[in-house]
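Enquirer: Sequence positions in the sequence shown follow my numbering and run 3 to 335.
Glycine residues also receive a C-beta, built at the ideal position from the N, C-alpha and C atoms.
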Amino acid sequence: MRYDDSPPQPDTAPAPGTDRRRFARRSALAVAAAVIAPTTLAGWVLVQVGTGAGADDARPPRVAVPAAAATGTPAASPTAAGTATASPSTGPGTGAPASGAPAPSPGATSPLAGKTVVVDPGHNTGNFDHSREINQQVDIGTARKECDTTGTTTRAGYKEAEFTLDVSRRLRTILEGRGLKVVFTHEADRAWGPCITERARIGNEANADAVVSVHADGVSEGSRGYHVILPAKVKGGAADTAAIVGPSRALGERIAANFARATGSGPANYLGGGTGLVVRDDLGGLNLSTRPKVFVECGNMRDSKDAALLTSPQWRQKAAQGIADGIVGFLGG
Ligand code: ZN
């Protein structure tokens with residue numbers, strides 16, 4: 003859920019829609035600084051050429067699809083991505099994408115060997131019973147905000163925190179199958195939380211090669227689709243994201259493209275300008291991260307059609323597979 007992570011803005015407790023417009027505009031700013039280059043039949047590839055600072059507030063082309071181009075690999079056509087997914091994890095160690103890579107030579111080291119992924123299941127089902135604890139204010143460098151939030155639910159009562167833990171466990175199984183070390187920020191092992199500051203710290207202290215926080219949104223009926231939240235460039239207190247903005251975008255673009263392919267879902271129709279990517283500067287979990295990190299909002303729990311997907315174990319497996327493929331691709335596997 004996004005707006006539940008919003009900061010105590012000096013001028014607000016904004017309505018979700020207010021938040022959303024602001025972030026949609028921010029996303030447009032970031033995307034406006036990109037060059038849209040046509041490639042392959044898969045469509046378009048975003049090539050970032052600037053930080054977005056000072057960019058015009060132009061709307062991004064709605065045809066733009068985040069593709070796995072940031073590291074120079076082919077755009078993620080279903081065929082190419084599927085090939086990469088099915089490839090063995092034992093690449094030649096050159097960092098080349100698995101698709102089209104030569105067969106592994108004897109004794110070759112997987113590019114994934116020794117790498118660590120931190121998975122952060124958003125929220126905690128126990129948060130509903132621990133309002134006082136999760137409402138304590140914590141310092142995210144650029145602001146103070148709540149330690150954690152409850153997250154949303156479907157109209158039938160399926161909790162976002164149940165969803166995030168289930169997808170995270172599926173994700174771990176896939177990633178460990180590829181030889182990656184996986185660390186969770188929590189796993190039904192505590193009554194509430196952890197605070198967003200601790201969630202960030204776990205990724206940092208694990209020296210994670212990639213960190214993914216799993217969520218689902220809670221907005222109005224008719225708002226559908228996934229989006230990936232990327233860290234903005236922020237500096238303040240303990241927050242300094244300058245070093246992770248670029249790699250986090252590369253990670254997020256990989257995940258968005260693979261999530262779309264694996265689930266068949268479209269990018270969010272209510273923010274992000276149709277790109278499935280949103281840049282935010284108010285999330286403690288991103289601001290305090292020193293490792294490449296994104297949030298994945300898998301769908302809208304308050305929309306009946308999205309809810310039908312989110313409550314399906316089969317769909318959650320696809321979601322986990324898409325996220326995993328994005329991470330593996332980002333890590334060179
Ligand atoms: Zn959430």
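According to DSSP, is residue 133 part of a helix, a strand, or is it coil?
Expert: Reduced to three states, the DSSP call for residue 133 is helix.
Enquirer: Candidates 112, 302, 120: which alpha carbon is nearest residue 210's?
Expert: For the residues 112, 302, 120, the minimum Cα distance to residue 210 belongs to 120.
Enquirer: Given this structure, state the Cα-to-Cα distance separating residue 220 from residue 320, to the nearest angstrom.
Expert: Looking at the two C-alpha atoms, the distance is approximately 21 Å.
Enquirer: Would residue 242 and residue 147 qualify as a contact pair, given that the criterion is a beta-carbon distance under 9 Å?
Expert: No, Cβ-Cβ distance for residue 242 and residue 147 is not below 9 Å.
Enquirer: With DSSP collapsed to three states, give me the class of residue 270.
Expert: Here residue 270 sits in coil by DSSP.
Enquirer: What does the Cβ neighbour count give for residue 60, buried or exposed, with the cut at 16 atoms within 10 Å?
Expert: With a pLDDT of 32 at residue 60, under the threshold of 50, the modelled position of that residue is not reliable, and the figure given next carries that caveat. Flag for residue 60 reads exposed.
Enquirer: Would you say the segment 241-257 touches the segment 308-316, given that touching needs at least three Cβ pairs under 8 Å?
Expert: Cβ pair count under 8 Å is below three, so no.
Enquirer: Please determine, among 122, 142, 181, the residue with the shortest C-alpha to C-alpha distance to residue 164.
Expert: Ranking the options by Cα distance to residue 164, first place goes to 122.
Enquirer: Residue 116 to residue 249, Cα distance in whole Å?
Expert: Answer to the nearest angstrom: the Cα atoms are 19 Å apart.
Enquirer: Less than 6 Å between C-beta atoms, sequence neighbours within five positions excluded: which residues of the same chain meet that for residue 326?
Expert: Cβ within range, chain order: 173, 176, 177.
Enquirer: By how many angstroms is the C-alpha of residue 201 removed from the C-alpha of residue 300?
Expert: If you take the alpha carbons of residue 300 and residue 201, they lie about 19 Å apart.
Enquirer: Answer yes or no: do residue 153 and residue 293 have a C-beta to C-beta separation smaller than 9 Å?
Expert: No. Outside cutoff.
Enquirer: Should residue 188 be listed as close to the ligand SAH, given that the test is whether its C-beta is under 8 Å from any heavy atom?
Expert: Absence of the ligand SAH from the depicted structure is noted, with the ligand ZN being the only ligands included.
Enquirer: Output the distance between the C-alpha atoms of residue 207 and residue 185, rounded to the nearest integer angstrom.
Expert: Spanning the two alpha carbons is a distance of roughly 11 Å.
Enquirer: Applying the criterion that 16 or more other CB atoms from any shown protein chain within 10 Å of the CB defines a buried residue, is residue 192 buried or exposed?
Expert: Burial call: exposed.
Enquirer: Relative to the C-alpha of residue 228, which residue among 274, 167, 253, 188 is closest?
Expert: Out of 274, 167, 253, 188, 274 has the C-alpha closest to the C-alpha of residue 228.
Enquirer: On the three-state DSSP scale, how would you describe residue 189?
Expert: In this structure, residue 189 counts as coil in the three-state DSSP scheme.
Enquirer: So is the beta-carbon of residue 218 under 8 Å away from any non-hydrogen atom of the ligand ZN?
Expert: True, at least one ligand heavy atom lies under 8 Å from that Cβ.
Enquirer: Consult DSSP for residue 211 and reduce its assignment to one of helix, strand or coil.
Expert: DSSP places residue 211 in coil when its eight states are reduced to three.
Enquirer: According to DSSP, is residue 262 part of a helix, a strand, or is it coil?
Expert: Looking at residue 262 - three-state DSSP - the assignment turns out to be helix.
Enquirer: Excluding the 5 residues flanking residue 271 on each side, which residues of the same chain have their C-beta closer than 6 Å to its C-beta?
Expert: 226, 227, listed in sequence order.
Enquirer: Going straight from the alpha carbon of residue 310 to that of residue 190, what length do you get?
Expert: Roughly 24 Å separates the two Cα atoms.
Enquirer: Whole angstroms are fine: how far does the CA of residue 308 sit from the CA of residue 262?
Expert: Looking at the two C-alpha atoms, the distance is approximately 14 Å.
Enquirer: When you compare each of 218, 330, 127 to residue 305 by their alpha carbons, which one comes out closest?
Expert: For the residues 218, 330, 127, the minimum Cα distance to residue 305 belongs to 218.
Enquirer: Using the DSSP secondary-structure output, state which residues sit across from residue 305 in a beta bridge.
Expert: Looking at the DSSP assignment, residue 305 forms no beta bridge with any residue, so it has no partner.
Enquirer: Could you tell me which residues DSSP pairs with residue 297 in its beta bridges?
Expert: Bridge partners of residue 297: 215, 231.
Enquirer: For residue 222, tell me which candidate among 303, 328, 279 has the shortest Cα-Cα distance.
Expert: Taking only the C-alpha atoms, the option nearest residue 222 is 303.
Enquirer: Thinking just about the alpha-carbon of each residue, which of 167, 254, 277, 287 is nearest to the one in residue 141?
Expert: Comparing Cα-Cα distances from residue 141 to each of 167, 254, 277, 287, the minimum goes to 287.
Enquirer: For residue 313, verify whether its CB is less than 8 Å away from any heavy atom of the ligand ZN.
Expert: Not under cutoff, so the answer is no.
Enquirer: Do residue 277 and residue 258 come within 9 Å of each other at the CB atom, strictly closer than that value?
Expert: Cβ distance < 9 Å, so residue 258 and residue 277 count as in contact.
Enquirer: Are residue 333 and residue 113 touching if we call contact CB-CB under 9 Å?
Expert: A contact, by the Cβ cut-off of 9 Å.
Enquirer: Who are the Cβ neighbours of residue 137 in its own chain at under 8 Å, not counting the five residues just before and after it?
Expert: Cβ within range, chain order: 148, 149.
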